[in-house]
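S.K.: Numbering (our numbering), first residue to last: -7 to 215.
From the three backbone atoms N, C-alpha and C, an ideal C-beta is built for every residue, glycine too.
One structure is given below, represented as structure tokens, and several questions about it will come after.
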């Protein structure tokens, strides 16, 4: 590439500069004398000499532009790489068993260990599922799922998947999922995201539930 550039310069300046040697350009390029030296010392016209320097400086300008472009592309990536990673979101919730089939938590409610849950995020535009993650409850019926990504443009819900409880497998209507906001652009400083409790119902109403539900009813009537 360098040979072609200097060859072109020779052909360009030869016709307008009689001071240049009348050798063939290929011979000049093969000689031990640098082409810049031949050109600059053969040109007597200051304007032509200035033009030559401007033409030769194109290489360094282009190189500077390439370096600048690389810097603009590489530096932001380096800044991101050395920037401390943000803590992941912690999605927390519980899964309960409703032995009274009340549709909500009562004093008779127990919590299910080993229940499978899932975090699901859908695009606000297409409603397509774009993110899923599974989790399981511990011995207290609580689960925690860690999410690294921000999902500001998505609608996310924690959902029930299955219950290992042999007598409590029926999903409670309206308590099968809980909305979770997974973005830091809503003013919430904490990384913890608490989902409403989700529940299964037992197949049969447990003994003692009639009295429990009566107490709830009386409380509602008083208020």
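From residue 134 to residue 118, what does the alpha carbon distance come to, in whole angstroms?
M.R.: So the alpha carbons of these two residues sit roughly 32 Å apart.
S.K.: Inspect the beta-carbon positions of residue 83 and residue 187 and report whether they are closer than 8 Å.
M.R.: Yes, they are a contact pair.
S.K.: With respect to the beta strand (DSSP E) encompassing residue 171, which residues constitute its N-terminal and C-terminal limits?
M.R.: Where residue 171 is concerned, the enclosing beta strand (DSSP E) stretches over 169 to 172.
S.K.: In chain order, what residues of the same chain have a beta carbon less than 8 Å from the beta carbon of residue 73, not counting five sequence neighbours either side?
M.R.: Low confidence applies to residue 73: its pLDDT is 45, below 50, so where it sits in the model is not reliable enough to give any reading.
S.K.: How many angstroms separate the CA atom of residue 184 from the CA atom of residue 81?
M.R.: The alpha-carbon atoms of residue 184 and residue 81 are separated by roughly 6 Å.
S.K.: Are there 16 or more other CB atoms within 10 angstroms of the CB of residue 266, so buried, or fewer, so exposed?
M.R.: No answer is possible for residue 266: the residues shown for the chain start at -7 and end at 215.
S.K.: Within a Cβ cutoff of 7 Å, which residues of the same chain sit near residue 122, ignoring the five residues on either side of it in sequence?
M.R.: Cβ within range, chain order: 113, 114, 115, 146.
S.K.: Just how far apart, CA to CA, sit residue 175 and residue 149?
M.R.: Whole-angstrom Cα-Cα distance: 13 Å.
S.K.: Work out the CA separation of residue 151 and residue 197 for me, nearest whole Å.
M.R.: Answer to the nearest angstrom: the Cα atoms are 24 Å apart.
S.K.: Within the present structure, is the beta-carbon of residue 91 separated from the nearest heavy atom of the ligand SAH by less than 7 Å?
M.R.: Looking at this structure, you won't find the ligand SAH or any other ligand, since it has none at all.
S.K.: How many angstroms separate the CA atom of residue 201 from the CA atom of residue 142?
M.R.: Computed Cα separation, rounded: 43 Å.
S.K.: At the level of alpha carbons, what is the spacing between residue 120 and residue 105?
M.R.: Taking the straight line from one Cα to the other gives about 31 Å.
S.K.: Under a three-way DSSP split, which group does residue 211 fall into?
M.R.: If DSSP states are grouped into helix, strand and coil, residue 211 belongs with the helices.
S.K.: What three-state label does DSSP hand residue 132 in the structure shown?
M.R.: Coil.
S.K.: Would you mind stating whether residue 111 and residue 172 have Cβ atoms separated by less than 8 Å?
M.R.: For residue 111 and residue 172, yes; Cβs fall inside 8 Å.
S.K.: In chain order, what residues of the same chain lie with their CB nearer than 8 Å to the CB of residue 131, ignoring the 5 residues before and after it?
M.R.: If we look at residue 131 and ignore the five residues flanking it on each side, its Cβ neighbours are 105.
S.K.: Here's the rule I'm using: 16 or more other beta-carbon atoms within 10 Å means buried, otherwise exposed. How should residue 199 be labelled?
M.R.: Label assigned to residue 199: exposed.
S.K.: Do you know how far the Cα of residue 93 is from the Cα of residue 212?
M.R.: If you take the alpha carbons of residue 212 and residue 93, they lie about 18 Å apart.
S.K.: Please report the Cβ distance between residue 126 and residue 108, rounded to the nearest whole angstrom; I am assuming they are in contact, meaning their Cβ atoms lie under 8 Å.
M.R.: Confirmed, about 7 Å.
S.K.: Taking the beta carbon of residue 206 as the centre, do at least 16 other beta carbons fall within 10 Å, making it buried, or is it exposed?
M.R.: With fewer than 16 Cβ atoms within 10 Å of its Cβ, residue 206 is classed as exposed.
S.K.: Just to confirm my understanding: we take residue 177, look at its own chain, exclude 5 residues before and 5 after, and list those with CB closer than 6 Å. What are they?
M.R.: Closer than 6 Å at the Cβ level, and outside the excluded window around residue 177, lie 144.
S.K.: Bridge partners of residue 184, per DSSP?
M.R.: Partner(s): 82.
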